[in-house]
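Mapped onto the numbering used here, the consecutive letters of the sequence shown carry residue numbers 43 to 697.
Encoded as structure tokens, the structure appears first; notes follow it.
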Amino acid sequence: MPQSTIESILQEKRLFHPSAEFSQNAHIKSLEEYQQLYDRAQADPQQFWGELAEKELDWFQKWDQVLDWQPPFAKWFVNGKINISYNCLDRHLTTWRKNKAALIWEGEPGDSRTLTYAQLHREVCQFANVLKQLGVEKGDRVGIYMPMIPEAAIAMLACARIGAAHTVVFGGFSAEALRDRLIDGQAKVVVTADGGWRKDAIVPLKEQVDKALAEGVPTVQNVLVVKRTGQQIHMEPGRDHWWDDLQKGVSANCPAEPMDSEDMLFILYTSGSTGKPKGVVHTTGGYNLYSHITTKWIFDLQDTDVYWCTADVGWITGHSYIVYGPLSNGATTVMYEGAPRNSNPGCFWDVIEKYGVTIFYTAPTAIRSFIKMGEHFPKARNLSSLRLLGTVGEPINPEAWMWYYKVIGGERCPIVDTWWQTETGGIMITALPGAIPTKPGSATRPFPGIIADVMDLDGNIVGDNEGGYLSVKYPWPGMMRTVYGDPDRFRRTYWEHIPPKDGNYTYFAGDGARKDEDGYYWVMGRVDDVINVAGHRLGTMEIESALVSHPAVAEAAVVGKPDELKGEEIVAFVTLDSTFTASDELAKELKKHVVGEIGAIARPGEIRFTEALPKTRSGKIMRRLLRNLAAGQDVSGDTSTLEDRGVLDKLREGA
Ligand code: WTA
């Protein structure tokens, strides 16, 4: 986090209350009501979740047991039978919502489409039948590599309907990254599009799929292609099929498969501090409940709302808060293919005005870039339909929070700053907007049923306003169940940083935080080797591996440098193979190489060539020192463990 952000967060004392009107109409109406819910959930979490599961979802068969906790492995709603696509679609068809807009899509060069619940149901059933015809069965995995078009949501729901797990890969990832994920997930089918629109250009998605499959991904048998951009693409006979061709004339009758609560719903890959990205596994029943109830209470969904989350379906935010949470609640969810850019700086405000968006959920980085573009863009649009705002993905600095509150929210909309992770499945720490007064820069309080705390590494709870590690002491329904194919990694990564005591396991989130005297959480950012660039999560080691796979690079160390706009920027320290010499061209080439290996989100902002990397006597790269150096801080102190002090002088000269 930039130093200026840390300072302003530490000094923040303002408190903002929701209006009486907002609270009166909200699902959770007061701080007392929140506190009662919280206390009740803490006293008996299983009863709390069990009652909600019964009330909020439709089950084919009720569970025998709410929770089976064999730490760190949890089973929720044991032996319950349920289907999330049924809860997102079928159950609304017998109500007035049948012809309500489920999905409003605003596409990129000017097209749009609205699907009612009945229409979405029909498309999902048809596509589910297409998948079946291609031999996709319950328990198989399907890769989805798509632009932000309705077919992405349709494909996800169709997989869920027949019990195939989807693994969505963000369309900005490279062919190489896609390939790794398809191999790890053993995908049988890939669903993609010829291309997608991204900032006035075409992302050649199908071409990337071809590249990813070129060296052979043995499990992939079929590729389904949506026609979106219309450019020429190669279609491999026997393997590749146009979506429209297969969808045409297929039966729209496809009953939802009764799934076990613990059947896998999806795998989503995310970066950690070590090794390759991890396949985070989420299962059916618990995830359905958790995404449903967090959407309902945190976004205070009412039937008249038009809800818009600007994330991409390639991230967990898109899974839980564009697709599953809103649809399970019978809401109208907006999906937008575009992104703000110089040629269209007001595009978000156009969408809000066009559809009368009432709830708007975006990332702090986007807000900071809007501040930079100038408030005349939002001021030129009528944003009076908005009644609630949200943020996600990174800490928000109080200045950006205040701008969001005043310029976008007209000082009438509460802001929910929502802390959570791919692993948690849904939001964990947040205001409930009608109940919990907000403080700019604080995610405020844990969601009912989330027993969180700030701890040291021995598991002791630290005092008010002391820094520590954000942790969760009890399982929750939306939690990840394992790392795909590597349960041991799951245990090590999340449940053993804080040593289990007397059989009590604590979830280690990897974030630093402090809790103030009012019990409000202030998340300070990652404490591990994960970098958060513009709300996107990247592992330093992934980027380092990408760099050393280039012939010029001998060794690489990647760190995050505070950035006022993006939160952090990637700085790579690189030593070269002796046959190469440092140059601006080589730096450019290395950046391009990383983009090719991972994707544009991982492009280093800076490459610093150096003769050697600072190491301890035992040979470990001193990352903290590099971080401080990248941030332009004084590094003369605390170098006693450095093996060769000359390295430091050279690094300083290089800078
Ligand atoms: C960070 C995104 C501060 C945090 C949903 C976390 C946040 C990581 C917030 C997860 C927030 C997310 N305030 N930090 N409101 N929300 N983070 O898996 O470091 O892409 O560990 O999930 O984003 O990123 P992920």
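Idealized CB from N, CA, C, for every residue including glycine.
Could you tell me if the beta carbon of residue i falls within a distance shorter than 8 Å of some heavy atom in ligand 1?
i, result
"Q463", "yes"
"I225", "no"
"A36", "The question about residue 36 has no answer, for the chain in this structure spans 43 to 697."
"A442", "no"
"I438", "yes"
"G577", "yes"
"W357", "yes"
"V496", "no"
"V211", "no"
"G435", "yes"
"N386", "no"
"T337", "no"
"A473", "no"
"T548", "no"
"A485", "yes"
"V292", "no"
"T41", "The first residue shown for the chain is 43 and the last is 697, placing residue 41 beyond what the model contains."
"G491", "no"
"R669", "no"
"G567", "yes"
"T312", "yes"
"V365", "no"
"V323", "no"
"V572", "yes"
Going by beta carbon distance, what residues of the same chain come within less than 6 Å of residue i, once the five residues before and after it are set aside?
i, result
"S293", "N171"
"D605", "E611"
"S484", "Y562, W564"
"G372", "H134, R139"
"R536", "One detail in the question is off: residue 536 reads as Tyr in this sequence, not Arg. If we look at Y536 and ignore the five residues flanking it on each side, its Cβ neighbours are Y549, F550."
"D110", "K117, V120"
"D500", "none"
"K603", "E611, V613, A672, A673"
"D544", "none"
Can you list, in chain order, the residues of its chain with a C-beta nearer than 8 Å to that of residue i? Leave out the 5 residues immediately preceding and following it.
i, result
"V590", "A596, E597, A598"
"V184", "L173, V178, A197, C201, A206, A207, H208, T209, A229, K230, V231, V232, V233"
"H592", "E631, L632, H635"
"E584", "S313, K318, P319, I640, A644"
Looking at the strands, I want to know which residues DSSP matches up with residue i.
i, result
"N546", "K543"
"E610", "P604"
"L157", "L145"
"R556", "W564"
"G185", "T209, V232"
"A598", "V616"
"Q45", "Its beta-bridge partners do not exist; DSSP assigns none."
"T480", "F58"
"S513", "D495, F550"
"T325", "M306"
"W462", "DSSP output for W462 lists no bridge partner at all."
Please work out which residues of its chain come closer than 7 Å, Cβ to Cβ, to residue i, disregarding the five sequence neighbours upstream and downstream, and give them in chain order.
i, result
"W339", "H69, I70, L474"
"Y516", "P87, I493"
"L26", "Beyond the ends of the chain as shown, which are 43 and 697, falls residue 26; an answer cannot be given."
"W105", "F119, V120, N121, G122, S303"
"I649", "A614, V616, A629, L632, K633"
"S61", "R454"
"K481", "E54, R56, L57, Y562"
"G567", "M43, P437, D553, G554, N574"
"G467", "H324, Y329, Y332, S333, S362, G520, M521, M522"
"A95", "F119, L331"
Against chain C, with Cβ distances strictly below 9 Å, would residue i count as a contact?
i, result
"A294", "This model lacks chain C altogether; it includes just one protein chain."
Open item on the list: Taking contact to mean 3 or more Cβ pairs, one atom from each stretch, closer than 8 Å, check whether the segment 357-373 and the segment 240-257 are in contact.
Closed with: no
Task: Touch test, the segment 194-205 against the segment 380-392, Cβ-Cβ under 8 Å, three pairs minimum - done: The answer is no - the segment 380-392 does not touch the segment 194-205, with fewer than three Cβ pairs under 8 Å.
Task: Three CB pairs or more closer than 8 Å across the segment 259-279 and the segment 221-233 - done: yes
Open item on the list: Can you confirm whether the segment 650-664 touches the segment 681-694 when touching is taken to mean that 3 or more C-beta pairs between the two stretches lie within less than 8 Å?
Closed with: The segment 681-694, when compared against the segment 650-664, does touch it at the 8 Å Cβ threshold.
Task: Validate contact between the segment 400-416 and the segment 431-443 using beta carbons, cut 8 Å, 3 pairs - done: yes
TODO: Report yes or no: do the segment 274-289 and the segment 307-325 share at least 3 C-beta pairs separated by less than 8 Å?
DONE: no
- [ ] Answer yes if the segment 312-331 comes into contact with the segment 519-530, meaning at least three C-beta pairs across the two stretches below 8 Å, and no otherwise.
- [x] yes
- [ ] Check whether the segment 502-512 touches the segment 525-535, counting contact only when three or more Cβ pairs, one atom from each stretch, lie closer than 8 Å.
- [x] Judged by Cβ distances under 8 Å, the segment 502-512 makes no contact with the segment 525-535, as fewer than three pairs qualify.
Open item on the list: Closer than 8 Å is the cut-off here; do at least three beta carbon pairs connect the segment 253-261 with the segment 213-228?
Closed with: yes
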